[in-house]
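Quick notes on the structure that follows.
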Amino acid sequence: MNWWSTNRLRLIQNNLRETDADMDVDLLIRELKSFQANALMMNAGGIFAFYPSNLTHQYITPHLTKDLLGEAVAKIHDNGMKFIARFDFSKAHESIWQQHPEWFYRNRQGREVNYYGIVHTCLNGAYQQEKSLESIEEVLTRYPVDGIFFNMFGYQHWDYSGNFYGPCYCSNCQARFHDITGEHLLAYTGPEHPLHEAYRAFQEHTSRDILERIHELVKPGRPEIAICTYHHHCVDIVRKESNTSLTRSGPLWLYSASENVSSIQDSWNDKLISNCSINAIDLTYRFTGVSEEENAIRLYQSMGSGSGLDFCIIGAFAGYPDQSNFDKVKEIFRFHAEHEELYGQLGSMAEVVLIKPAAPEAAAEYYGMFKMLKEEHILFDVVMEEQLSAMVSKLTCVHAILLPGIQRLSVDAAGALKRAADVGTALIATGTALEQETELLAEWFGVSLDGRKQAEPAAYLDVSNPVHFPSFANGRSWIVAGMNFTRAIFDPETAEQRMPYVEPSTFGPPERAYGHRIGEDYGMAVNKRVDNDGRSRSGVYIPWNPGELYHRYGYEDYKLVMADVLRDIKPNRAVVTNGPSSLELFVHRLKEGGCLIQLLNLTGFNGTTYLKPTPLYDIR
Numbered sequence: 368m369n370w371w372s373t374n375r376l377r378l379i380q381n382n383l384r385e386t387d388a389d390m391d392v393d394l395l396i397r398e399l400k401s402f403q404a405n406a407l408m409m410n411a412g413g414i415f416a417f418y419p420s421n422l423t424h425q426y427i428t429p430h431l432t433k434d435l436l437g438e439a440v441a442k443i444h445d446n447g448m449k450f451i452a453r454f455d456f457s458k459a460h461e462s463i464w465q466q467h468p469e470w471f472y473r474n475r476q477g478r479e480v481n482y483y484g485i486v487h488t489c490l491n492g493a494y495q496q497e498k499s500l501e502s503i504e505e506v507l508t509r510y511p512v513d514g515i516f517f518n519m520f521g522y523q524h525w526d527y528s529g530n531f532y533g534p535c536y537c538s539n540c541q542a543r544f545h546d547i548t549g550e551h552l553l554a555y556t557g558p559e560h561p562l563h564e565a566y567r568a569f570q571e572h573t574s575r576d577i578l579e580r581i582h583e584l585v586k587p588g589r590p591e592i593a594i595c596t597y598h599h600h601c602v603d604i605v606r607k608e609s610n611t612s613l614t615r616s617g618p619l620w621l622y623s624a625s626e627n628v629s630s631i632q633d634s635w636n637d638k639l640i641s642n643c644s645i646n647a648i649d650l651t652y653r654f655t656g657v658s659e660e661e662n663a664i665r666l667y668q669s670m671g672s673g674s675g676l677d678f679c680i681i682g683a684f685a686g687y688p689d690q691s692n693f694d695k696v697k698e699i700f701r702f703h704a705e706h707e708e709l710y711g712q713l714g715s716m717a718e719v720v721l722i723k724p725a726a727p728e729a730a731a732e733y734y735g736m737f738k739m740l741k742e743e744h745i746l747f748d749v750v751m752e753e754q755l756s757a758m759v760s761k762l763t764c765v766h767a768i769l770l771p772g773i774q775r776l777s778v779d780a781a782g783a784l785k786r787a788a789d790v791g792t793a794l795i796a797t798g799t800a801l802e803q804e805t806e807l808l809a810e811w812f813g814v815s816l817d818g819r820k821q822a823e824p825a826a827y828l829d830v831s832n833p834v835h836f837p838s839f840a841n842g843r844s845w846i847v848a849g850m851n852f853t854r855a856i857f858d859p860e861t862a863e864q865r866m867p868y869v870e871p872s873t874f875g876p877p878e879r880a881y882g883h884r885i886g887e888d889y890g891m892a893v894n895k896r897v898d899n900d901g902r903s904r905s906g907v908y909i910p911w912n913p914g915e916l917y918h919r920y921g922y923e924d925y926k927l928v929m930a931d932v933l934r935d936i937k938p939n940r941a942v943v944t945n946g947p948s949s950l951e952l953f954v955h956r957l958k959e960g961g962c963l964i965q966l967l968n969l970t971g972f973n974g975t976t977y978l979k980p981t982p983l984y985d986i987r
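According to this note's numbering, the sequence shown is numbered sequentially starting from 368.
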């Protein structure tokens, strides 16, 4: 068993500045012990080396007065902790660029990106393809580190100030893009270009390739060293972040840590997920932290979802100007340490699987569904779209699988869902899912789409049928349809149509706000069929986007619709609570028997601010 396999990580990252090279390591150790941390992530090399490197391409911080890396590794081990060495090969000092400009990023005009003396490198240049491996080898040969982490892995199109530069068009990228795709990179202009899918595939192919080469460098002789980055290919620890940005558009995502952990933990059996709570409110403002309550929610969500703890600040603890979060973080770390025997091996009790789409265009639909399931206290797992075939045993053990906005499926993914449907798992597609899979639409849902989108305002959906939509028995008959309703033709022999579409009409002036009528279209159909083998299959198709509408606007109508759909499929849940929707529920099976129930009070979040939660009592 590897050291990370216990999944009981309590990681602190001190993200060093070049001026921290003479830091007091003994003081750092005392601070880490006050957190009851069991692992430290700290800078080793890349942009700056924090050790006396012998490599000509490795720039050493001019503030280095000792072998900081060597001292830190030795003293961390003396105190029973693990050390993960951090590298960042996405950029290099401008002195390296002056010697080897061919290693670096070039925009369409052939210009480099020089950010205050730090220059963007290129994943396909020799610096990342060859020299990065030499840097890794030097560190691993000199120091008995327990893991290596790569920051900003992959393709970087922005600088730290948020300026967008677009793809790299250097000669290395042009040649490799042509070799892989047969196309010319200079023809590609961005996401709206016909070559966008080819460019995304090129990014993925080349990113996987360098990760495979790192794996081949490290693992044959050093299997005990964990490889960690933000990509999941050929790594042991997948790292994600819960962070904030002052330039990020809303709404604020309350379930950041829960989603980050679940999407990896539920999709792989052989990878650890470590979700880092970034203390700083923004890259621009690294010395002021988010609120104590926001940090606490992130850490508790990580722990509740089945992962360990991960917390990061810029520089050393000593002299950090905002220490207001530290006591609460220490409290949570201590709690995990005191009860770590319960954590690390939590088993799923999911009744639903939510698929995480690969395409970013479906993200809002997915996030809305995630939020609905959390607020309804429905036990669910998240499986990434690309891992469906690997997780088929999970798919066949739940009552329903949600496909939020996924437009097309690979052959393997479709096969995995078919196997689940064959054993009676209901498939529920929302957000005009599988629009490009006409055969699957017909087979699973008895539907065809005529491609006509209803983009006019003032359309509604009729939810007045109390049998199908009991949640609306309070008298609400119509809900807002939104602007992305797609006209669907359902098979009359197998599909039961529900939720009539109320056609738009005039809405102003008030004297002209009338004229709506029930149209011929429907907002939902339940497709039930019995195949020749006698097996019953069911699918629910929703040709509009309840998840995206809920994520964006928060109207409870959309959540109630989905709750009624799931209740129709499985009337009796394994776990029911009287807790409010602002109570996050975690229920897991323990390896030794029994189950662990964890409750997280989210009442302090008001949509924009994280305040102290209101106490909840008599939760059953």
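Ideal Cβ placement from N, Cα and C applies to all residues, glycine included.
T861 in three-state terms, based on DSSP: Coil, per DSSP.
Strand pairing of C679, partner residues [DSSP]: Per DSSP, Q380 and I645.
Same chain, Cβ closer than 7 Å to H430, five either side skipped, listed in chain order: So the list reads E385, T386, A388 and D389, once near-sequence residues are dropped.
Through-space distance from Y917 to G617, alpha-carbon basis: Near 13 Å, if we compare the C-alpha coordinates of Y917 and G617.
Local Cβ density within 10 Å of R589, reported as buried at 16 or more and exposed below that: R589 is exposed by the Cβ-count criterion.
Nearest residue (CA-CA) to Q864, options L383, F972, G890 and I594: Taking only the C-alpha atoms, the option nearest Q864 is G890.
Euclidean distance between Cα positions of C489 and D576: Going by the C-alpha atoms only, they are around 14 Å apart.
Straight-line gap, S499 to N421 (C-alpha atoms, nearest Å): Distance between the alpha carbons of S499 and N421: 14 Å.
Start-to-end residues for the alpha helix (DSSP H) that takes in R701: Run containing R701: F693 to E705, per the alpha helix (DSSP H) assignment.
Check whether N692 and N646 have beta carbons under 9 Å apart: Contact flag set, yes.
For P867 and E887, the rounded distance between their alpha carbons: Whole-angstrom Cα-Cα distance: 7 Å.
Cβ pair G772, A726 closer than 9 Å: In contact: G772 and A726 (Cβ atoms closer than 9 Å).
Closest Cα partner of I581 within the set T548, E608, D526 and Q496: When the alpha-carbon of I581 is set against those of T548, E608, D526 and Q496, the nearest one is in Q496.
Beta-ladder partner(s) of T797, from DSSP: Paired residues: P771.
Neighbour-count burial assignment, P324, 16 or more Cβ in a 10 Å radius: Beyond the ends of the chain as shown, which are 368 and 987, falls residue 324; an answer cannot be given.
CA nearest to the CA of G946, picked from H598, T981 and H744: Comparing alpha carbon positions, the residue from H598, T981 and H744 closest to G946 is H744.
Stretch-stretch touch, CB-based, cutoff 8 Å, three pairs: the region 467-487 with the region 534-546: Taking 8 Å as the limit for Cβ pairs, the verdict is that the region 534-546 does touch the region 467-487.
Euclidean distance between Cα positions of T508 and A788: Going by the C-alpha atoms only, they are around 51 Å apart.
Test item: CB-CB of Y426 and Y510 under 9 Å: No, they are not a contact pair.
Extent of the continuous alpha helix (DSSP H) run through C540: In the DSSP annotation of this structure, the continuous segment of the alpha helix (DSSP H) that includes C540 starts and ends at S538 to T548.
Contact set for Y482: own chain, Cβ-Cβ below 7 Å, skip 5 residues either direction: Shown here for Y482: same chain residues with a beta carbon closer than 7 Å to its own, the five before and five after excluded, namely D526 and Y527 in chain order.
D603 burial status per 10 Å Cβ neighbour count (16 or more: buried): Looking at its Cβ environment, which holds 16 or more other Cβ atoms inside 10 Å, D603 is buried.
Cβ pair count under 8 Å reaching 3, the region 941-959 against the region 867-879: Flag = no, the region 941-959 and the region 867-879 do not touch.
Start-end ranges of the alpha helix (DSSP H) lying completely within the region 881-951, minimum 4 residues: List check, alpha helix (DSSP H) in window: 913-920 and 923-936.
Residue environment, M368, which counts as buried when at least 16 other CB atoms sit within 10 Å: M368 should be labelled exposed.
DSSP state of D526 mapped onto helix, strand, coil: Taken through DSSP and simplified to helix, strand or coil, D526 comes out as coil.
Span of the beta strand (DSSP E), counted from its first residue to its last, around K458: Membership of K458 in the beta strand (DSSP E) is indicated by the continuous run K458 to H460.
Closest by C-alpha distance to C764, when choosing among V720, L578, H835 and P724: It is V720 whose Cα lies nearest to the Cα of C764.
Helix, strand or coil at H424 according to DSSP, with G and I counted as helix: It is coil, neither helix nor strand.
Residue closest to T805, alpha-carbon to alpha-carbon, out of D817, Y710 and L639: Measuring from the Cα of T805, the nearest candidate turns out to be D817.
C-alpha distance - N405 paired with R701, whole-angstrom precision: Rounded to whole angstroms, the separation of the alpha carbons of R701 and N405 is 11 Å.
Coil, strand or helix - Q821 by DSSP: In this structure, Q821 counts as strand in the three-state DSSP scheme.
Close-in-space but distant-in-sequence residues of the same chain around E742 (CB under 6 Å, 5 per side omitted): Excluding sequence neighbours, E742 sits near S948.
Burial state of A663, where buried means 16 or more other Cβ atoms lie within 10 Å: Using a 10 angstroms sphere on the CB of A663, the tally of other CB atoms reaches 16 or more, which defines it as buried.
Start-to-end residues for the alpha helix (DSSP H) that takes in A568: Segment H563 to V585, the alpha helix (DSSP H) holding A568.
is_contact[S760, chain B] using C-beta, thresh 9 Å: Chain labels in this structure do not include chain B; a single protein chain is all it has.
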